[in-house]
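Take the sequence shown: its position 143, counted from the start at 1, is 147 in this note's numbering, and no numbers get skipped. Glycine included, C-beta positions come from ideal geometry on N, C-alpha and C.
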Amino acid sequence: MPSLAPPQGMLAPVADSTRWTLADAAHTLRRLQFGYSPDQLKQAVAAGRQATLDRLLSPQPESAEFQEVDGVLRTTAVATGNLSDLQVWWLYRMVHSANPLTEKLTLLWHNHFATSQEKVRSVSLMLRQNDLQRSEASGSFAKLLRGMARDPAMLVWLDGEANRRRHPNENFAREVMELFSLGVGNYSEKDIQEAARAFSGWQLRDGEFWFNDNQHDPRPKTIFGETGMFDGNSVVELCLKQPACARYLAFKLLRTFVMPEPGEAEITAVAERLRLHGLVIGPVMNELARSQLFYDARHRRSLIKSPLDFVLGMTHSLLEAVRWQPVAQTLAELGQSLFAPPSVKGWDGQRLWITSSTLILRANAATDVATSGRFGVLTDAVRGQLAQPDSAVAFLQSIVLGGEADAETVAQIRTMTQTGDSQAGQAALQLALQSPEYQLM
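This is how it looks when you write it as structure tokens:
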């Protein structure tokens with residue numbers, strides 16, 4: 005198979021000769037993982053753009069320690085059946101996996117195929133769905149969509165059991181078009197009705213997908229202008245063939261990793277690469293993360309941090325012996341409880357993350373990290389940096405704020421560190437974490 009022509013225009017890669025700065029490294033780590041430790045930022049600066057991206061965009065071996073802890077937390081979640089234990093397992097993975105981009109893409113798919121434990125009521129099924137999303141996080145979207153259509157948690161969530169020959173249930177048929185593959189405006193109500201008939205008989209038995217032939221409507225259906233003896237598999241394939249599918253995925257990737265409101269030009273460019281790569285996500289992410297578009301100054305700090313990016317960014321950078329249960333509780337208060345999205349639409353995100361109440365809660369979380377120890381204690385290295393005014397200012401400006409702090413914010417931090425108070429460094433840290441810059445990525 006011949007290799008594809010490299011992307012051009014806005015998706016052309018940044019030239020090797022382009023200067024690589026601390027701000028570039030911080031931007032890369034904020035977008036492609038959940039925050040960074042001071043050592044990770046320093047290593048990225050020293051390694052350079054290509055080596056850093058090579059590491060983040062290709063599979064890395066997990067450490068023995070990670071695998072051991074991950075296994076214990078996973079076993080505990082299944083044994084207890086508690087949502088909080090399942091959340092702790094994933095939070096640990098998000099911060100400590102050697103493949104953070106895989107976790108970030110898994111979160112994208114968790115939100116894309118939003119399913120909630122509140123209705124599914126099975127930690128095992130939610131975990132199984134999460135495993136599927138992770139296995140194809142950067143793989144084939146076609147394979148992922150096919151798997152999600154038969155996923156037991158999804159069948160419970162969207163009432164597969166109620167989809168019967170004489171009374172088709174339209175829930176999954178509607179969402180597979182509106183939310184999972186095409187987006188609003190790219191299908192008709194008739195398409196949904198016919199697709200519901202095609203999915204009839206897709207049910208569960210003993211916790212597994214079961215095709216109940218007695219409840220399937222075998223008659224011809226007409227979907228997207230095509231007529232045939234379609235079943236649920238056929239509907240999935242028809243959705244994948246629609247031009248709108250690549251565009252819808254392009255919008256999701258851009259909104260997650262690059263810009264809050266992708267325009268026509270950006271969507272068209274990324275959709276074309278998705279089509280050329282057969283809707284395989286990894287190669288497109290590779291091109292996107294190396295592109296001039298990704299590093300365009302207009303898109304720096306243009307995304308409002310989700311609660312996960314905000315809270316994990318703080319704990320990742322500053323704390324040791326993190327207490328994951330309080331972290332999970334705070335995330336729920338901020339509106340992002342893992343495995344419990346608010347609806348089948350998932351979290352809308354961006355400006356909706358910020359309200360008068362969540363701003364106060366974000367400020368409280370910053371205070372907890374800087375001063376209270378609720379989530380864990382500041383590392384010795386961080387405390388050492390905060391102990392002296394000059395090192396505190398440099399640390400907060402470069403490491404915490406990624407080298408792109410507003411001059412007024414830096415001036416306020418500098419003033420605060422020079423009060424002579426023994427806790428001045430922690431107060432300055434609190435100010436930095438509450439700053440407008442820190443809410444953005």
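### Message
When you compare the segment 150–161 with the segment 199–217, are there three or more beta-carbon pairs, one atom per stretch, that lie closer than 8 Å?
### Response
yes
### Task
For E66, name the three-state secondary structure that DSSP assigns.
coil
### Query
Near Q219, which residues of its chain fall below 8 Å by C-beta distance, leaving aside the five closest residues on each side in sequence?
N167, R168, R169, S204, G205 and Q207
### Message
By the three-class DSSP mapping on this structure, what secondary structure does T32 have?
### Response
helix
### Query
Are the Cβ atoms of K108 and F38 separated by less than 8 Å?
yes
### Task
Could I get the ranges of all uninterrupted alpha helix (DSSP H) runs contained in the segment 325–392, with 4 residues as the minimum, in chain order?
328–337, 360–371 and 384–390
### Query
Out of W357, A415, Q427 and G229, which has the shortest C-alpha to C-alpha gap to N190?
G229
### Three-state secondary structure (DSSP) of P222
coil
### Query
Whose C-beta lies closer than 7 Å to the C-beta of D372 among residues of the same chain, with five residues either side of it excluded?
R378 and F379
### Task
Have a look at A436 and P10 and give me their C-alpha separation to the nearest angstrom.
40 Å
### Task
Could you tell me which of D384, P287 and Q333 sits nearest to S7, measuring between CA atoms?
P287
### Task
Determine the DSSP secondary structure at W206, reduced to helix, strand or coil.
strand
### Query
For M5, does the three-state DSSP call read helix, strand or coil?
Any answer about M5 is weak, because its pLDDT of 47 lies below 50 and its placement is not dependable; what the coordinates show is given next. M5: coil per DSSP, three-state reduction.
### Message
Considering just the uninterrupted stretch of the alpha helix (DSSP H) at F255, what are its terminal residues?
### Response
P247 to F261
### Query
How about Q91 and L342: do their beta carbons lie closer than 8 Å?
yes
### Residues sharing a beta bridge with E212, DSSP
R209
### Query
Can L36 and V82 be called in contact, C-beta distance under 8 Å?
no
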